[in-house]
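First comes the structure, then the notes that go with it.
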Amino acid sequence: MLTERHSSSITLLVFHTLVTISGCSSSDAGGASTADAAGTPTSGGDSTSSNVASTTTGSATSGGPAGTTTTTATGTSGGMGVTGSGGGTSTGNAANTSQGGATNSETSGESGSGTTAGGRAVDVTIEPNPNSVLSAYVSWTTPEPASSLVQFGSGELTWEIEGAADVTEHRVLVIGMRADTEYQMRALSTGASGSFQGDGTFTTGTLPSQIPVATISVHDVDKAQPGWTLMNVQKGDGTNRALSGAPPAAVIYDEAGHPVWYWINGTQNERGGAISVDPTDVGVLMGPSETTAPKEVDWAGNEVWACADLRCGGTSGLSHHSGKLSNGNYIVMRDAMNGSRISQIFEEHTAAGGQPVHSIGVEDAVTPPGSASGDWAHGNSITVDLENDVAYMSFRWLGLIKMQYSTQTMLWHLPASYGAQGMGDMTFVPADSQFSDIHDPEIHDDGTILFFDNGGYTGVIEDGNPSNLQTRAVEYAIDEAAKTATLVWEWPGNFETDPWYKEQLYVPFWGDADRLANGNVLIAAGRRGTVEITPESRVIEVTKDTGEVVWELRLPKDHGVYRAERLYPLPLVRPVQ
Numbered sequence: 007m008l009t010e011r012h013s014s015s016i017t018l019l020v021f022h023t024l025v026t027i028s029g030c031s032s033s034d035a036g037g038a039s040t041a042d043a044a045g046t047p048t049s050g051g052d053s054t055s056s057n058v059a060s061t062t063t064g065s066a067t068s069g070g071p072a073g074t075t076t077t078t079a080t081g082t083s084g085g086m087g088v089t090g091s092g093g094g095t096s097t098g099n100a101a102n103t104s105q106g107g108a109t110n111s112e113t114s115g116e117s118g119s120g121t122t123a124g125g126r127a128v129d130v131t132i133e134p135n136p137n138s139v140l141s142a143y144v145s146w147t148t149p150e151p152a153s154s155l156v157q158f159g160s161g162e163l164t165w166e167i168e169g170a171a172d173v174t175e176h177r178v179l180v181i182g183m184r185a186d187t188e189y190q191m192r193a194l195s196t197g198a199s200g201s202f203q204g205d206g207t208f209t210t211g212t213l214p215s216q217i218p219v220a221t222i223s224v225h226d227v228d229k230a231q232p233g234w235t236l237m238n239v240q241k242g243d244g245t246n247r248a249l250s251g252a253p254p255a256a257v258i259y260d261e262a263g264h265p266v267w268y269w270i271n272g273t274q275n276e277r278g279g280a281i282s283v284d285p286t287d288v289g290v291l292m293g294p295s296e297t298t299a300p301k302e303v304d305w306a307g308n309e310v311w312a313c314a315d316l317r318c319g320g321t322s323g324l325s326h327h328s329g330k331l332s333n334g335n336y337i338v339m340r341d342a343m344n345g346s347r348i349s350q351i352f353e354e355h356t357a358a359g360g361q362p363v364h365s366i367g368v369e370d371a372v373t374p375p376g377s378a379s380g381d382w383a384h385g386n387s388i389t390v391d392l393e394n395d396v397a398y399m400s401f402r403w404l405g406l407i408k409m410q411y412s413t414q415t416m417l418w419h420l421p422a423s424y425g426a427q428g429m430g431d432m433t434f435v436p437a438d439s440q441f442s443d444i445h446d447p448e449i450h451d452d453g454t455i456l457f458f459d460n461g462g463y464t465g466v467i468e469d470g471n472p473s474n475l476q477t478r479a480v481e482y483a484i485d486e487a488a489k490t491a492t493l494v495w496e497w498p499g500n501f502e503t504d505p506w507y508k509e510q511l512y513v514p515f516w517g518d519a520d521r522l523a524n525g526n527v528l529i530a531a532g533r534r535g536t537v538e539i540t541p542e543s544r545v546i547e548v549t550k551d552t553g554e555v556v557w558e559l560r561l562p563k564d565h566g567v568y569r570a571e572r573l574y575p576l577p578l579v580r581p582v583q
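Under the numbering used here, the letters of the sequence shown match residues 7 to 583, in that order.
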C-alpha cells in the first residue's frame, strides 16, 4: 500500500518515501442491498453554436451495451459568431474486447468540419476504452500545437481532464463516469492563433456482474471528506472456486456509491479476498492472489508492471500482498516454509524482475517459540521508509515490529495480546489498552500509529459477533525512548453511536483504518459470504472528535472488501473550472 508521512493534511496520490503492503488470507460472510444514489456535483458549461458532424455506435455482449458516441464539430472565436458545416464521410469497424466482459464491435461513423471567424472547429472521435466500460478516449487534431482539455458530464459539463499540451494530435483518457449513462463531452484546445472546440456524446456500458453499485447509508456532506474511494471488491464466499467467486477486482466508488473506475486482474475465480489494492504514481497496484501475479496498471487499465509468474521468480508462493516503493521498486510478501513453520519474508524487486535485491522477514526480528508451527506470525503488511532506513512489519498474531531496513535490525516490538505472549518490549498505557490483533498500521509524523484491531479470532464467524470479541480502530502515541504505547483514540470505544457498531461490528479477517485530510478516520470493515446472519461489508467514515458516522458505504451481500483508500484530489479528474 502506498502511504505517506501524515501531518495535519493528507493528499493521497502524492509520492513520498513510505510504502505499505498488506492483506491476509481467508474468507468471510456479508450482505447488503443495492440502491441508486445521488448524482455528481454540477457546474455550468460554456454556451456555443454547434453542428452535428458524425455518429458512432457500438454493440456489446456479456458486459452490457458498448459505448455510443456522437461527435459534433464546433468552433469558438473568443466571443465572436460561430458558423460550421458538416462534411465528408467515412466508415470502418473494429473489435475491442473489454476486460470487464463487454465486447465493442461494428463501430462506424462520419467526420465533419467547420470554420469560424477567428476560431476553428475540430472533428472529435470518441472511442470506448477496451479495458473498461466506464471510460473512453477522446481524440482530435489541431493544425498547430495546442493544449488538450476534455470537459464532460451527464446533463451538463461538470468535470474536466487535462491532456498533453503543445501537440497537434490530441488523445485524452476520460475516467470517472457511471455505468449506463449518456455523457456530453467537449474537446478544447488553445494554440498560438486561438482556440479550437469539438463536442460529442458517449454512453457508457453495463458493469461486469461482479462489480456492484453500493448503498450509501449515511452521507453528511458538510462533515465527510470529499473524494473517491478505492478498494478491492471480492465476490463469492470462497468455499469452491469452481462454483463461486470471481476474479480479483479493484474498484473506485464515487461519494454516492457508484463505480467510476474498475480493473479486473485475470479471468480465474479467487477463493481468498485479502488482496492489496493501492494507488501509485501512475495508477493502481493490485497484489497477488492464488491465481494471478501482482500487477500495476495505469488509469486506462494498461499493464505497467507484473511479476513474471505467480512466485515472482522465487520457489515459494506469494501471499496476497505487494507495494510500490519510492525508489520505483516493488515489494512483495512471501510465505516461506522453515521446517513446520510458515515465516513471512518481504522481498524488494526491481521493475525488471528477477531475484530480489533485498529482503527482510519475521525471523530477522524475533526468535520463534519452540512450539511455533504453521502460520505462527501471520504477516499482513510492511511500511518502508527508505529516507530514514526503517520498516514497520505488521504480523497479526505478533503485533508491530520496527526494523532498520538495510541491516534487518529490530528497534522495537509492540506486541499483540492474541499470539505474542511473553514477547515485545513496549508497555501499554493504560495497561488494559493492548490490542488483540492488527491490520494495516498507518505511521504518522506526529508519533502516532493508527490501525485496525480485529479483536481476536475464534474460528467461528457464522454466529454474528461473539460476545467476547470487539472490532475497533485504535491509535497509539509511541514514545520510543520510554518504550511506551499510549492509547489516544479508539472507535467505537465510548463514543455515542449506533449500538450496532458496539454490539455487532466484528471483522475476523480483514480491516483497515486511515486518517483522512480533514482529520476523519476511514474504516474498512469487510465481510463476505452467504450466511444470512453475517453482516455486509461496510466502509465507514467517522469524525475524530465525536466518533460520528458521517459517510458509510455498504456492499451487497457476498461482496468482501479488504481495505479502502480515499483518493483526494481525484485521479486525473477535477471540477470544471
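C-beta atoms are modelled at their ideal positions from N, C-alpha and C, and glycine is treated no differently.
Under 8 Å, Cβ to Cβ, is there at least one residue of chain D near residue i?
i	result
residue 188	The structure shown contains no chain D; it is built from a single protein chain.
Are the beta-carbon atoms belonging to residue i and residue j less than 8 Å from one another?
i	j	result
residue 522	residue 572	yes
residue 556	residue 532	no
residue 190	residue 159	yes
residue 275	residue 252	yes
residue 419	residue 428	no
residue 432	residue 490	yes
residue 240	residue 582	no
residue 330	residue 549	no
residue 544	residue 565	no
residue 422	residue 444	yes
residue 311	residue 578	no
residue 350	residue 385	yes
residue 322	residue 343	yes
residue 553	residue 499	yes
residue 409	residue 371	yes
residue 148	residue 197	yes
residue 328	residue 291	yes
Please state the DSSP three-state secondary structure of residue i.
i	result
residue 370	helix
residue 296	coil
residue 6	In the structure as shown, the chain begins at 7 and stops at 583. Residue 6 is therefore absent and cannot be evaluated.
residue 505	helix
residue 200	strand
residue 135	coil
residue 266	strand
residue 218	coil
residue 96	Because residue 96 sits at a pLDDT of 34, beneath the cut-off of 50, its placement in the model cannot be relied upon, and the following sentence gives the value as read from the coordinates. If DSSP states are grouped into helix, strand and coil, residue 96 belongs with the strands.
residue 512	coil
residue 411	coil
residue 271	coil
residue 227	coil
residue 382	coil
residue 581	strand
residue 406	strand
residue 560	strand
residue 530	strand
residue 241	strand
residue 151	strand
residue 395	coil
residue 284	strand
residue 163	coil
residue 575	coil
residue 259	strand
residue 103	Residue placement at residue 103 cannot be trusted, given a pLDDT of 34 that sits under 50; the coordinates are not used to answer.
Give me the Cβ distance between residue i and residue j, rounded to the nearest whole Å; I'm assuming they're in contact under 8 Å.
i	j	result
residue 530	residue 567	6 Å
residue 352	residue 388	5 Å
residue 355	residue 336	5 Å
residue 300	residue 338	6 Å
residue 580	residue 166	6 Å
residue 297	residue 272	6 Å
residue 145	residue 176	6 Å
residue 150	residue 199	6 Å
residue 281	residue 225	In fact, because the Cβ distance is near 27 Å, the residues do not count as touching under 8 Å.
residue 207	residue 187	Not quite, the Cβ-Cβ distance comes to about 11 Å (not below 8 Å), so this is no contact.
residue 395	residue 379	About 33 Å separates the two Cβ atoms, so there is no contact after all.
(message) Going residue by residue through the stretch 417–493, where are the continuous beta strand (DSSP E) segments of at least 3 residues, counting only ones entirely within it?
(response) 433–435, 444–449, 454–459 and 478–485
(request) Spell out a yes or no on whether the stretch 209–224 and the stretch 130–146 are touching, meaning 3 or more CB-CB pairs, one atom from each, closer than 8 Å. (result) yes
(message) At 3 residues or longer, what runs of the beta strand (DSSP E) sit wholly inside the stretch 287–373?
(response) 289–292, 301–304, 309–312, 324–330, 336–344, 347–355 and 364–367
(message) Pairs of beta-carbons, one from the stretch 163–174 and one from the stretch 217–225, closer than 8 Å: are there three or more?
(response) With the cut-off at 8 Å, the stretch 163–174 and the stretch 217–225 do not touch.
(message) Measuring CB atoms only, is the stretch 473–482 touching the stretch 449–457, in the sense that at least three cross pairs come out at less than 8 Å?
(response) yes
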